[in-house]
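> With the working numbering, letter number 12 in the sequence shown gets 16, and the count goes up by one each step, no holes. The beta carbon of each residue, even a glycine, is placed where N, CA and C say it ideally should be. Keep in mind it's a predicted model, so treat the numbers as computed, not measured. Okay, here's the structure, questions in a sec.
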Amino acid sequence: MTQLYTETFGEGKPIVMVHGWAMHSGIWRNFAKELSKTFRVTVVDLPGHGHSQPIYPFSLESVSRLLVEVIPDHHACWLGWSLGAEIVIEIASRFPERVSQLILLAGTPCFVGNDLWPGIQVKILDSFAESLSLDSQATLLRFLSLQIKGESNPKQALQELKKSIFEYPAPDQRTLLEGLEILKQSDLRQVFAEIKIPVAAILGELDTLVPVAAGENMQSLLPHMELATISRAGHAPFLSHQGELVEAICGFMETK
Numbered sequence: 005m006t007q008l009y010t011e012t013f014g015e016g017k018p019i020v021m022v023h024g025w026a027m028h029s030g031i032w033r034n035f036a037k038e039l040s041k042t043f044r045v046t047v048v049d050l051p052g053h054g055h056s057q058p059i060y061p062f063s064l065e066s067v068s069r070l071l072v073e074v075i076p077d078h079h080a081c082w083l084g085w086s087l088g089a090e091i092v093i094e095i096a097s098r099f100p101e102r103v104s105q106l107i108l109l110a111g112t113p114c115f116v117g118n119d120l121w122p123g124i125q126v127k128i129l130d131s132f133a134e135s136l137s138l139d140s141q142a143t144l145l146r147f148l149s150l151q152i153k154g155e156s157n158p159k160q161a162l163q164e165l166k167k168s169i170f171e172y173p174a175p176d177q178r179t180l181l182e183g184l185e186i187l188k189q190s191d192l193r194q195v196f197a198e199i200k201i202p203v204a205a206i207l208g209e210l211d212t213l214v215p216v217a218a219g220e221n222m223q224s225l226l227p228h229m230e231l232a233t234i235s236r237a238g239h240a241p242f243l244s245h246q247g248e249l250v251e252a253i254c255g256f257m258e259t260k
């Protein structure tokens, strides 16, 4: 079986944290340690990211199956950030017995926007795919710059992101391209609307990748979903607004 790298911190109710496209678990290790003062937090490197071995194809089906095989917690809250949000929705749908609660951090069931759904333009993702073969590091830096757009201190946020993401080598191109295909092609809105467990979405007010307007659309699909917006936050609130994010997660977990 493919080996996945995990780290676990703290004691208490289990939370499994799944990172976003082209990232790795180190991106939010400091935040995970802060959250572990209250919960038992497990962070994982997705296949082909960080210290984890790759799998092909890198798809929602294959990744979700592997994660539930590797993670020992049999009934945990799964928290997914960005691409990770789509992965944890897939896990909740395919393996509901493994999921007690779901937290979508700067993520939605449909990443690409259209006239009826707020989201990123598909042409932006296409441009990332085209430029990966030319200069993968420059492409990742472009993506990082989108994540901190609108932050109150964007230079500091970008420095922290760059320091964390380049701690390990970047994923190989096939993994990156197949991850982009998930973001471009996956539409889990119908699946999301059928989830029965407690769900929270935490969005950044200034996020340009996952617009805060998507929150109301998500609540229309899933009326029992709890929605929290972090003021002045962009796409990575675990870096810029750690205290507010911990408070929002604790508030959700303590009532469920």
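1) Can you tell me whether Arg-236 is helix, strand or coil according to DSSP?
2) Evaluate contact between the segment 39–49 and the segment 107–119, counting only Cβ atoms and requiring at least three cross-stretch pairs below 8 Å.
3) Please state if the CB of Thr-233 and the CB of Leu-249 are separated by a distance shorter than 7 Å.
4) Buried or exposed: which applies to Ala-142, given that a residue is buried once 16 or more other Cβ atoms fall within 10 Å of its Cβ?
5) Relative to the C-alpha of Val-6, which candidate in His-55, Thr-46, Gln-105 has its C-alpha closest?
6) Hey, is the segment 20–34 in contact with the segment 155–174, meaning 3+ C-beta pairs nearer than 8 Å?
7) Which of helix, strand or coil does DSSP assign to Ser-190?
8) Can you have a look at Ala-252 and say buried or exposed, based on whether 16 or more other CB atoms are within 10 angstroms of its CB?
9) Tell me whether the beta-carbon of Gly-238 lies closer than 7 Å to the beta-carbon of Ile-152.
10) As an exercise, report each continuous beta strand (DSSP E) stretch of at least 3 residues that is fully enclosed by the segment 87–166, in chain order.
11) Cα separation between Lys-166 and Phe-147?
12) Could you give the residue range of the alpha helix (DSSP H) that holds Pro-241?
13) Ala-26 and Leu-180: beta carbons closer than 7 Å?
14) Check whether the segment 124–140 and the segment 217–236 touch, using three or more Cβ-Cβ pairs below 8 Å as the test.
15) Should Leu-50 be labelled buried (16 or more other beta-carbon atoms within 10 Å of its own) or exposed?
16) So, is Gly-183 buried or exposed, given that buried needs 16 or more other C-beta atoms within 10 angstroms?
17) Mind checking Thr-46: buried by the 16 CB within 10 Å criterion, or exposed?
18) I believe Ala-204 touches Glu-230 by the beta-carbon criterion, under 8 Å. Please report the beta-carbon distance rounded to the nearest angstrom.
19) Among Gly-16, Leu-144, Glu-209, which residue has its Cα nearest to the Cα of Arg-236?
20) For Ile-186 and Ala-96, which I take to be in contact (beta-carbon distance under 8 Å), what is that distance rounded to the nearest angstrom?
21) Quick one: residues in its chain with C-beta nearer than 7 Å to the C-beta of Gln-57, no 5 flanking neighbours on either side, listed in chain order?
22) Quickly, what does DSSP pair Met-21 with across the bridge? List them, please.
23) Per DSSP, Thr-10 is paired with what?
Reading from the atomic positions:
1) It is coil, neither helix nor strand.
2) No contact exists between the segment 39–49 and the segment 107–119.
3) no
4) Residue environment for Ala-142: exposed (fewer than 16 other C-beta atoms within 10 angstroms of its C-beta).
5) Looking at the sequence provided, one finds Thr at residue 6 rather than Val. Per the Cα distances, His-55.
6) Here the segment 20–34 lies against the segment 155–174, with 3 or more beta-carbon pairs under 8 Å apart.
7) coil
8) Buried is the label assigned to Ala-252, since at least 16 other Cβ atoms lie within 10 Å of its Cβ.
9) yes
10) Counting only runs of 3 or more, we get 103–109.
11) For Lys-166 and Phe-147, the distance between alpha carbons rounds to 11 Å.
12) 241–244
13) yes
14) no
15) buried
16) buried
17) buried
18) 4 Å
19) Glu-209
20) Rounded, the Cβ-Cβ distance is 16 Å, inconsistent with contact.
21) Thr-6, Gln-7, Pro-51
22) Val-47, Leu-83
23) Val-48
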